[in-house]
Amino acid sequence: MAKAVNARSLCVCSLLLLAISEAALAQVTLAIRGVIMAPPSCVINGGSTLNVPFGNALMTTRIDGLNYRRKVPYTVTCTGLPSNGMTLKLQGTGAGFDSAFLSTSNADLGIKLFINGVVWPLNNTVSFTYPTLPSMEAVPVKKSGSVLNAGTFSASATVVVAWQ
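Just so we're aligned: the sequence shown equals residues -26 to -1, 1 to 138 in mature numbering (1 follows the signal peptide of the UniProt record, and there is no 0).
(1) Residues in its own chain within less than 6 Å of F71 by CB, not counting five upstream and five downstream?
(2) Need the endpoints of the beta strand (DSSP E) that A74 sits in, please.
(3) Taking the beta carbon of P47 as the centre, do at least 16 other beta carbons fall within 10 Å, making it buried, or is it exposed?
(4) Measuring alpha carbon to alpha carbon, tell me which of N90, N80 and G59 ends up nearest A136.
(5) Could you tell me the distance, in whole angstroms, from the CA atom of N90 to the CA atom of V134?
(6) Whole angstroms is fine: what's the gap from G67's alpha carbon to L76's?
(7) Relative to the C-alpha of P105, which candidate in V2, I18 and Q1 has its C-alpha closest?
(8) Less than 6 Å between C-beta atoms, sequence neighbours within five positions excluded: which residues of the same chain meet that for N30?
(9) Hey, R44 and V26 are a contact pair by Cβ (cut 8 Å); roughly how many whole angstroms apart?
Put into structure tokens, the structure is as follows:
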């Protein structure tokens, strides 16, 4: 009797496997649709260079990362954005004494950056919601223990705006 039950169980299991195998052979058509969009267009500062107005009266003994903090005036105009989520990044070469600061033509002088009042390390990305732009500020900072020589200095970086 045990052999008959085993044979019957084997027969039922075989039929179930056959039914499952048949179900696995079913086919369905998959339709994929999408919309290809043109990339959005953004213009920073009307295409002009951003200039930070530090002026001509910086005293070498007063450059300490606090004095001479200036707002960086800029505009961003975008069209065709799929969303208002954007990022802002200032790309540049870090100062030899601190890579978080923008390097200048004077090896002992760097530019410390702020975004919305908070220290903004160079080459870091910050998110914002367009058209509300983050407030950008810059302040000269000298290498600790250095004595700055009088003279002009310059620095350059690239402002990158991208949508998320």
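The beta-carbon is built from N, C-alpha and C at its ideal position, and this holds for glycine as well.
For this structure:
(1) In the sequence shown, the residue the question calls residue 71 occupies position 97. Closer than 6 Å at Cβ, skipping near neighbours: K117.
(2) If you number the sequence shown from 1, residue 74 lands on position 100. From DSSP, the beta strand (DSSP E) with A74 extends over D72 to S77.
(3) Counting from one through the sequence shown, the residue named residue 47 turns up at place 73. Label assigned to P47: exposed.
(4) Numbered from its first residue, the sequence shown carries residue 136 at position 162. It is G59 whose Cα lies nearest to the Cα of A136.
(5) Position 116 of the sequence shown, counted from the first residue, corresponds to residue 90. Position 160 of the sequence shown, counted from the first residue, corresponds to residue 134. One C-alpha to the other measures close to 17 Å.
(6) In the sequence shown, residue 67 corresponds to position 93, counting from 1. In the sequence shown, residue 76 corresponds to position 102, counting from 1. With the sequence shown as reference, residue 67 is identified as Thr, and Gly is not the correct amino acid for it. Taking the straight line joining both Cα atoms gives about 6 Å.
(7) Translated into positions along the sequence shown, residue 105 becomes position 131. Of the candidates V2, I18 and Q1, the one whose C-alpha sits nearest the C-alpha of P105 is I18.
(8) Numbered from its first residue, the sequence shown carries residue 30 at position 56. Cβ neighbours of N30 beyond the five flanking positions: none.
(9) Taking the sequence shown and counting its residues from 1, the one referred to as residue 44 is at position 70. Taking the sequence shown and counting its residues from 1, the one referred to as residue 26 is at position 52. Sure, about 5 Å apart at Cβ, within 8 Å.
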